[in-house]
Structure formats: C-alpha cells, structure tokens
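Residue numbering for the sequence shown follows our numbering, beginning at 73 and increasing consecutively. A virtual CB, placed ideally from N, CA and C, is assigned to each residue, including glycine. Scroll down for the structure; my scribbles are underneath it.
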Amino acid sequence: MSKILSQDEVNALIKDIHVDKDPEKANEKKNVNLYDFKHPDRISKDQLRVLKTIHTNFAKTFGTFLSTKLRSTVDLNVLSVDQLTYSEFTITMASPSCIYVIYSAVGDGSFVIEFAPELVFYIIDRLLGGRGEIIDEVREITIIEENVLKKIVQQAIIQLNDSWQQIASLEPRMASFETNPQFVQIAPASEPSVVISFSVKIQNFNSLITLCFPYFVLEPIMAQLSIQSWISNKQKELRPEDMKIMEDKVMNTTVEMCARLSTNSIKLGDIMSLSEGDVLVFDKSINDKFEILLAGKTKFYGKPGIVGKKVAVKITDIKKKPEVKAHGRK
73 MSKILSQDEV NALIKDIHVD KDPEKANEKK NVNLYDFKHP DRISKDQLRV
123 LKTIHTNFAK TFGTFLSTKL RSTVDLNVLS VDQLTYSEFT ITMASPSCIY
173 VIYSAVGDGS FVIEFAPELV FYIIDRLLGG RGEIIDEVRE ITIIEENVLK
223 KIVQQAIIQL NDSWQQIASL EPRMASFETN PQFVQIAPAS EPSVVISFSV
273 KIQNFNSLIT LCFPYFVLEP IMAQLSIQSW ISNKQKELRP EDMKIMEDKV
323 MNTTVEMCAR LSTNSIKLGD IMSLSEGDVL VFDKSINDKF EILLAGKTKF
373 YGKPGIVGKK VAVKITDIKK KPEVKAHGRK
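Structure (structure tokens):
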C-alpha cells in the first residue's frame, strides 16, 4: 500500500519549489545562446584579430610594391575579415573575374585570390604605359593580359607568405587561373571559410582584392592563431645559429660590380657597324676617376690599371653621403 503524505510534508515540498513569474528573467537564467548551423563560428574573435593583423602587414608591403610598379600612390587596406560558407563566397564573385587558385602545403589544400576585373584592366593599362583608364567593358582577359598580370600575382604570393612567417609557412604556389567562379571548386559548398577583403585606392580609382581560406586549410595552425602566440613570436629573439645562417646568406650574396668608363651614348646602327681596329673615344682621360657601381648605384671611385695580364680598377675613394642640413625657423 502506497504511503500518503501528510499535510506538513506537502507544505514542505511546495516551499522548496521556486516559480519565477517573470518569463523574461526566466529566459535570462537559462543562458540560451542561439546557434546558426548554416554559419558555424569555428574561428574565435581573437583568431580573427590575428588574421587581420597578418593581412594588414601584407597590405602594407604589397601596396608599396604596387605603388612602385604602377608609378602611382596605392592605398591598400584590410576592409573586412568575415566567416562565410564557401558557397556564399562564390556567389559574391563577379563573372567573368580574375581568380587565382593558390595551393598551400598547410592543410594540403588551396585558397583563392580574386582581383576585381576593373582593377585588372587598370593595372594592365598602367604596366603597358597607359594612364590607367577605367574600362567598363565586361569581358575575359586575354592570354597576353593574363601573362602581364601573372608577375603581379606571383609577387603577391611571395609577400603573403612573408606576412605569415611568424605563424607558419604557407609554402604557396600558383595552381590555376579561372575566370568563371563556378569552376573554382576548392571546397564543399557548406565549408566554413575566412574571407578577407582589401580596398584598393589609386588616385580617384577604387576597387577590391579578396582572399578566401577554407577552414580545413587553416585548421592545422588554428592553435597558433592566438594573441598569446602572436606576441610570443614577435618577442622571440634570434638564436645564435639563426644569426649565423643569416650572416652566411648575406656574405654569400652576389652583387654586380662594374666600372663606368664613359657616359657617352652611341647609336645602335654605329655599334652594328663596328669592326676590328675601330677606336672608341671616351669622355674621360686615363688620369680621371671612374665611377664604380654596385647594383647600379655609384659607391666608389677608382683609376684603371693592369694586374698581371688582366685589366683592373683600383678603388681610390668612397662616395660620401650628402650631408643633411637642418633648417631652423627664424
């Protein structure tokens, strides 16, 4: 026979039960967090900050390179760092576009660099001597234009790898070039991806460069994408053996050295008509100092002579750097 509770026992049970009449407070206590299965956040905010720092450094170096090549000031800045599925990224790409698939040894996968079509035509026009006219025509680039742009992309890959060195070496290499986003299937449609957008400003012209890293490419180095790891890598001192390797590389670096005997110019037709016995007259005498150039820049001065049976130049002076005078206000 079941035991029947007394009134005192029933009152004690009711007393221990707490009912919150305010439904909003009840929800707060449950600490329910919404989770979107279509957009899983596998990368923390700290890791996104480190990724932004890495690519800010890349934007500075690559922007400087573009400024030199295009003979114009280029402002390259990180516009955003977002988490999207790979299918959402491909939807944002223009068609036709200029898409480079880059293989990375990290994660044994590939990532994407996309140049906006109008930026590509602007760069090509500048590289071929034009003023950088903005072309609104929507078309695929030709094979010649692709080869011209390829050198720019190769430099971007090198500088991107340099920017990643404090975390890991991506060991990137160009895998393929595509103009249709539908042919760029480097990851499943639902694969989470990191999309980094760069704003490019050249005079009054604005455009975009976009990077897309599928999650599985970055997964092996995710633990290193933390603020603590970044700071420790920045503060890490070079070991003596590392210094020795760097010194050996510098000391074994070859530099072209030549002596400039004359600043005279001669027509190509005259050079082609030269024959044995012809005499070339220079604008310097044997007693004048000749410029000695290292990598195309004048560093020394010297005099010509002979050592054994070889023609030589003796260094007599070192080119002094011009003094910078400080001008104060009167």
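query, result
"How should Met-318 be labelled, buried or exposed, when 16 other C-beta atoms within 10 angstroms of its C-beta is the threshold for buried?", "exposed"
"Hey, out of Gln-275, Val-153 and Val-184, whose CA is closest to Thr-251's CA?", "Val-184"
"Between which residues of its own chain and Asn-233 is the CB-CB distance below 6 Å, once the five residues before and five after are set aside?", "Leu-242 and Pro-244"
"Could you name the residues of the same chain whose beta carbon sits closer than 8 Å to that of Val-385, not counting the 5 residues immediately before and after it, in chain order?", "Ala-331, Phe-362, Ile-364, Gly-374, Lys-375, Pro-376 and Gly-377"
"Could you pull the start and end residues of the alpha helix (DSSP H) that Asn-219 belongs to?", "215 to 236"
"How would you write the range of the alpha helix (DSSP H) that Val-289 sits in, first residue to last?", "287 to 290"
"Helix, strand or coil for Asp-197 per DSSP?", "helix"
"Is there contact here, the stretch 184 to 200 with the stretch 211 to 223, by at least three beta-carbon pairs under 8 Å?", "yes"
"Roughly how many whole angstroms lie between the Cα atoms of Gln-254 and Ala-166?", "11 Å"
"Starting from the N-terminal side, write out each stretch of the alpha helix (DSSP H) that is 4 residues or longer and does not extend beyond the stretch 149 to 192.", "158 to 164"
"Any idea if Val-150 is buried or exposed, counting beta-carbon neighbours within 10 angstroms, 16 or more meaning buried?", "buried"
"Is there contact between the stretch 323 to 343 and the stretch 136 to 152, where contact requires at least three CB pairs shorter than 8 Å?", "no"
"Determine the DSSP secondary structure at Ala-295, reduced to helix, strand or coil.", "helix"
"State the start and end residues of the unbroken alpha helix (DSSP H) segment that holds Thr-136.", "117 to 142"
"Could you check which residue in Ala-228, Met-329 and Val-192 has the C-alpha nearest to that of Arg-211?", "Val-192"
"Look at the alpha carbon of Val-383 and the alpha carbon of Ser-357, and state the distance between them as a whole number of angstroms.", "16 Å"
"Within 10 Å of its beta-carbon, does Pro-264 have 16 or more other beta-carbons around it, so buried, or fewer, so exposed?", "buried"
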